[in-house]
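J.:
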Amino acid sequence: MSVDRLGGGSFQNIHVGKRTPVTRTTQFLEVFRTRTAHAQRSSFVWKRESPTQPAARLEERLSRMVMVQRSVSRVYLKCGRITSTALTRAGFEHFICSGLKNDTVSETFQLRHTVGNSPFPCRYIKIMPLQSWGPSFNFSIWFVELTGIDNWDIVKPCIEWFYSYREREAVRLCLKLIRQLNYQEAFDALQSRSNVLLEDPLLSKLHDLLVKRGNYEETELFMEQCATSGLFNTFIGEQEYRPVWRPIQPCETDVQPGMRGGHQMCMDPYTETIYLFGGWDGNQDLSDLWTYHVPTHKWTLIMRDTEVEGGPSARSCHKVCIDPDRRQIFTLGRYLDMLCRTPGNLKSDFYMYDIDSNSWTLISEDTGEMGGPQLIFDHQMSMDVEQRKIYVFGGRVLTPHTAITFEERSGTCGMALVGSSNSDPTFSGLYCYHVSTNTWTKLCDDCSRPSSPGFPTIRSRVGHSMLFHPGCRKLFVFAGQRSKEYLNDFFTYNVDTQEIQQISEGTKKEPCNIPAAGFTQRATIDPELNEIYVLSGLSKDKEKRDDNVQNSFWVYYIAQNKWSCIYRNENTGEHYWSKMQHLEPCPRFAHQLVYDPCNKVHYLFGGNPGRSCLPRLRLDDFWQLQLCRPSHEQILQKCKLFIRKHRFEELAVKDRMAALQYLQTSLSEIIDHEDSEQTKEFQLLASVLFQEQDEKETPLGAGHSVDESGCHHRRSQLFDQLIEFFPSFMSQPKANLIDLISL
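Per full-length UniProt numbering, the very first residue in the sequence shown carries number 1; after that it's consecutive.
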């Protein structure tokens with residue numbers, strides 16, 4: 001379907017209606033539009049109408065609801081998946097590719113709507129369905145609704161700005177080409193007449209030092225000053241993390257926690273102290289409380305039996321959270337064996353540990369009687385320290401009639417999530433505990449229960465991850481398990497507005513570059529960096545029908561809505577892991593991971609290695625994980641290597657003996673000879689001294705000699721390499737004018 005004529009305005013939302021999923025649906029959605037659309041926020045909202053809606057109403061809705069701008073814009077919609085892509089052909093730009101679910105629920109998709117950090121207007125859209133849900137289905141799009149701004153007083157300045165922006169970028173492309181060809185007089189004339197700067201004056205200074213004057217010593221000093229000024233920060237922040245694991249070995253005389261899984265850990269970042277409580281050692285639940293002080297590398301046993309000290313009994317599959325400001329630790333939930341599930345034991349006790357007084361307080365004997373959750377295990381608990389609220393979501397409710405098999409003990413502590421029961425398992429909803437008032441509030445019911453009036457429903461699960469972001473005031477919930485179903489959906493819950501936003505549905509139709517479905521992932525959050533970290537342990541490959549224990553570490557960039565896998569290994573056998581046991585932790589589940597947001601370090605302890613021949617085996621190893629990016633020193637060393645390598649190649653053309661001496665001294669000292677790749681590259685540089693110069697490969701500028709043009713061209717290539725380390729807003733355009741010439 002193509003929309004060729006629409007009135008003036010600019011859109012924020014696009015609503016597309018579909019028929020019932022039984023008859024006709026659509027699967028793929030792609031969006032293209034030319035860059036003339038203005039909106040404060042652009043998104044698609046898909047709705048279904050009655051199957052009896054007349055076709056005439058489609059045209060009426062398009063003309064009445066679609067409000068777009070008076071310049072050129074086209075949108076292609078393939079019903080299903082939405083992604084961004086580059087300019088496809090003259091005037092058309094691909095915006096999104098995503099999926100429509102096979103249901104009757106309205107859907108909204110966010111669109112990119114800015115260029116040069118400013119909104120842009122649009123006029124036309126084009127919708128192109130590409131694939132249906134099945135071979136027997138036809139495409140069915142009932143209406144498109146664009147919601148946005150059609151106020152001419154707002155749209156007109158955007159059009160004027162956009163035209164000015166295009167002209168300015170066209171001049172910059174011309175300036176870039178003219179300078180590359182070394183037409184200096186033409187460059188100066190165009191820049192003076194147009195008053196358009198090709199780049200930041202700082203980079204123009206770099207071009208003058210390097211390309212025009214060939215002053216390599218001054219160029220190196222210039223790059224040192226830029227590194228000191230923090231101009232490489234943006235580049236460093238865009239690089240992928242590199243994980244560095246380090247085992248933390250205690251002294252022989254020091255005590256440390258024993259082997260366990262299903263324990264709980266939390267960290268006080270102010271004192272750099274890790275707290276460890278409880279767990280399952282393969283034979284029994286534990287009730288010991290430990291601390292690990294990072295600066296002194298020392299474990300301390302605080303309580304051998306917390307129950308004796310007035311605290312909680314031995315337990316596993318519980319959860320803890322810490323209030324570092326008030327130095328308090330809260331713990332809730334536990335797993336009970338079938339034989340221990342008497343009515344008196346099935347109470348959800350709730351404890352608080354005061355760090356300063358080293359004492360426990362029983363807040364509640366049964367949170368269920370106070371309006372909170374019943375006795376649950378494998379739930380998640382997060383704290384809003386500022387408002388002193390604790391959020392508890394999910395977990396399985398323990399009842400006297402639910403049998404859990406020992407062999408399948410998994411989740412957090414190695415206990416079964418798939419039980420032998422005549423009734424379906426009961427999952428807990430979302431609750432909030434206000435510490436100051438000692439009150440519980442139910443926020444959401446589980447979707448399997450009849451919803452109470454005023455309570456939204458949410459799909460509960462066990463073994464999931466839940467993190468609180470104090471900046472955006474949201475809970476981030478990811479993955480988990482519900483009965484026999486492994487989940488990898490991802491959504492947020494706004495604790496102030498109670499709004500639920502689905503980030504990822506976790507369906508097969510979605511991209512595979514997300515963590516695998518499973519219930520043993522461990523997640524942490526850095527609110528300052530807006531990043532979520534997920535260490536995945538046991539995952540289930542549904543295609544192979546086989547459980548595989550593996551490690552993978554993922555980073556979710558909240559602002560970019562992007563996942564990135566920075567580390568992965570495969571369970572390749574005992575021989576491999578015996579060789580790697582001091583370099584990285586073996587794959588496991590039922591482990592615990594905590595994060596120090598001040599020093600940006602993770603700590604991992606214990607877990608279940610998943611060995612079928614030793615089902616009771618648990619681990620007691622302790623690891624530190626640092627996520628490293630290139631440092632300023634490493635970036636500067638790389639820049640100097642580029643500069644000196646180029647200077648050597650330039651010397652090799654003019655004076656080979658001088659080039660040889662430079663290779664053995666100045667270039668050699670900048671090489672990291674412990675790096676095999678750099679060493680090999682350095683050794684190959686000697687072959688440059690014996691190469692014949694091919695003048696035909698050197699591009700010529702008018703009025704310049706072969707040597708001069710070749711030197712200018714090579715220096716320009718080096719300049720292009722160096723400016724990659726600077727922020728894009730400072731640099732010349734990345735596009736090239738000659739690439740626009742069609743063959």
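Built from N, CA and C at the ideal position, the CB exists for glycine as well.
In this text the structure is predicted, and so the values were computed from the model without any measurement.
Between Asp150, Val534, Gln502, which lies nearest to alanine 523 when the distance is taken from Cα to Cα?
T.: For the residues Asp150, Val534, Gln502, the minimum Cα distance to alanine 523 belongs to Val534.
J.: Kindly list the residues whose CB is nearer than 6 Å to the CB of leucine 667, restricted to its own chain and excluding five residues on each side of it in sequence; keep chain order.
T.: Correct list, in chain order: Arg644, Phe648.
J.: Quick one: using the 10 Å Cβ neighbour count with 16 as the cut-off for buried, is methionine 223 buried or exposed?
T.: Flag for methionine 223 reads buried.
J.: Considering only their Cβ atoms, is the gap separating proline 312 from tyrosine 270 smaller than 7 Å?
T.: Their beta carbons are not under 7 Å apart, which means tyrosine 270 does not touch proline 312 by this criterion.
J.: With a 10 Å radius around its C-beta and 16 neighbouring C-beta atoms as the bar for buried, classify serine 536 as buried or exposed.
T.: That one is buried.
J.: Runs of 4 residues minimum, wholly inside the stretch 194 to 222: which ones carry the alpha helix (DSSP H) assignment?
T.: Listed in chain order, they are 201 to 207.
J.: On a Cα-Cα basis, can you pick out the residue from Gly333, Ser359, Ser382 that is closest to glycine 368?
T.: Checked all of Gly333, Ser359, Ser382; the closest Cα to glycine 368 is Gly333.
J.: Within its chain, find whatever has a CB closer than 6 Å to the CB of tyrosine 567; leave out the 5 residues flanking it on each side and keep chain order.
T.: So the qualifying residues of the chain are Pro243, Phe553.
J.: How far does the alpha helix (DSSP H) with leucine 743 in it reach, from first residue to last?
T.: Where leucine 743 is concerned, there is no enclosing alpha helix (DSSP H), given that its DSSP letter is neither H nor E.
J.: Which residues mark the beginning and the end of the alpha helix (DSSP H) in which proline 157 is found?
T.: Looking at the DSSP string, the run of the alpha helix (DSSP H) that includes proline 157 is 152 to 180.
J.: Tell me which residue opens and which closes the beta strand (DSSP E) that glutamate 485 is part of.
T.: From DSSP, the beta strand (DSSP E) with glutamate 485 extends over 485 to 494.
J.: Around the Cβ of tyrosine 556, are there at least 16 other Cβ atoms within 10 angstroms (buried) or fewer (exposed)?
T.: The residue in question, tyrosine 556, is buried, as its Cβ has 16 or more Cβ neighbours within 10 Å.
J.: Pair every Cβ in the stretch 376 to 396 with every Cβ in the stretch 457 to 467, then say whether three or more of these pairs are closer than 8 Å.
T.: Contact holds: three or more Cβ-Cβ distances are below 8 Å.
J.: In whole angstroms, what separates the C-alpha of aspartate 150 from that of glutamate 272?
T.: Spanning the two alpha carbons is a distance of roughly 55 Å.
J.: Would you tell me roughly how many angstroms separate the C-alpha atoms of glutamine 581 and tryptophan 563, rounded to the nearest one?
T.: In a straight line, the C-alpha of glutamine 581 is about 28 Å away from that of tryptophan 563.
J.: Just checking my contact of valine 594 with isoleucine 274 at CB under 8 Å: how many whole Å lie between their CB atoms?
T.: Contact holds; Cβ gap of about 6 Å.
J.: When the Cα atoms are used, what is the spatial distance from alanine 659 to histidine 673?
T.: Near 20 Å, if we compare the C-alpha coordinates of histidine 673 and alanine 659.
J.: Might you give, ordered along the chain, the residues of its own chain that have their beta carbon closer than 8 Å to the beta carbon of proline 343, omitting 5 neighbours on each side?
T.: Pro400.
J.: For the alpha helix (DSSP H) that contains isoleucine 302, what are its first and last residues?
T.: Not the alpha helix (DSSP H): isoleucine 302 falls in the beta strand (DSSP E), residues 298 to 303.
J.: From the DSSP secondary-structure annotation, give me the bridge partner or partners of glutamine 481.
T.: Answer is Val462, Tyr486, bridged to glutamine 481.
J.: Exposed or buried, which one is cysteine 251 when buried takes at least 16 other CB atoms within 10 Å?
T.: It is exposed - the Cβ of cysteine 251 has fewer than 16 other Cβ atoms within 10 Å.
J.: Straight-line CA distance for glutamine 284 to proline 615?
T.: One C-alpha to the other measures close to 14 Å.
J.: Give me, in chain order, the residues of the same chain whose beta-carbon lies closer than 6 Å to that of lysine 389; leave out the 5 immediate sequence neighbours on both sides.
T.: Once the five neighbours on either side are set aside, the close Cβ partners of lysine 389 are Cys432, His434.
J.: When the Cα of phenylalanine 605 is compared with those of Arg193, Arg260, Met128, His113, which residue comes out closest?
T.: Selected option, being the one with the closest Cα: Arg260.
J.: Out of curiosity, what's the CA-to-CA distance linking valine 320 and isoleucine 635?
T.: About 41 Å.
J.: Leaving out the 5 sequence neighbours to the left and right, which residues in its chain are closer than 6 Å to serine 375 when beta-carbon positions are compared?
T.: At residue 375 the sequence reads leucine, which differs from the serine that was named. Excluding sequence neighbours, leucine 375 sits near Leu346, Ser348, Leu398.
J.: For serine 716, collect the residues of the same chain with a Cβ closer than 7 Å to its Cβ; drop the 5 residues on either side in sequence, then sort them by chain order.
T.: Taken in chain order, the residues that qualify are Gln180, Val211.
J.: Quick check: what's the CA-CA separation for glycine 429 versus serine 359?
T.: So the alpha carbons of these two residues sit roughly 30 Å apart.
J.: Using only the alpha-carbon positions, how far apart do arginine 473 and glutamine 387 sit?
T.: Approximately 11 Å between the Cα atoms of the pair.
J.: Check whether the Cβ atoms of leucine 231 and glutamate 218 sit closer than 7 Å, and answer yes or no.
T.: No, the pair does not count as a contact, with Cβ atoms beyond the cut-off.
J.: What are the start and end residues of each continuous beta strand (DSSP E) run of 3 or more residues lying completely inside the stretch 589 to 661, in chain order?
T.: Runs of the beta strand (DSSP E) inside the stretch 589 to 661: 592 to 596, 601 to 607, 619 to 628.
J.: In angstroms with no decimal places, state the Cα-to-Cα distance between glycine 214 and glutamate 240.
T.: Roughly 33 Å between the two C-alpha positions.
J.: Which residues in the same chain have their Cβ closer than 6 Å to the Cβ of threonine 306, if we skip the five residues on either side of it in sequence?
T.: Closer than 6 Å at Cβ, skipping near neighbours: Ser287, Leu289, Pro312.
J.: For asparagine 358, write down the residues that DSSP places opposite it in a beta bridge.
T.: According to DSSP, which records beta bridges pairwise, asparagine 358 is partnered with nothing at all.
J.: Which residues in the same chain have their Cβ closer than 6 Å to the Cβ of glycine 371, if we skip the five residues on either side of it in sequence?
T.: Excluding sequence neighbours, glycine 371 sits near Trp440.
J.: Report the residue from Asp675, His632, Lys484 whose alpha carbon sits nearest the alpha carbon of serine 229.
T.: Nearest C-alpha to serine 229: His632.
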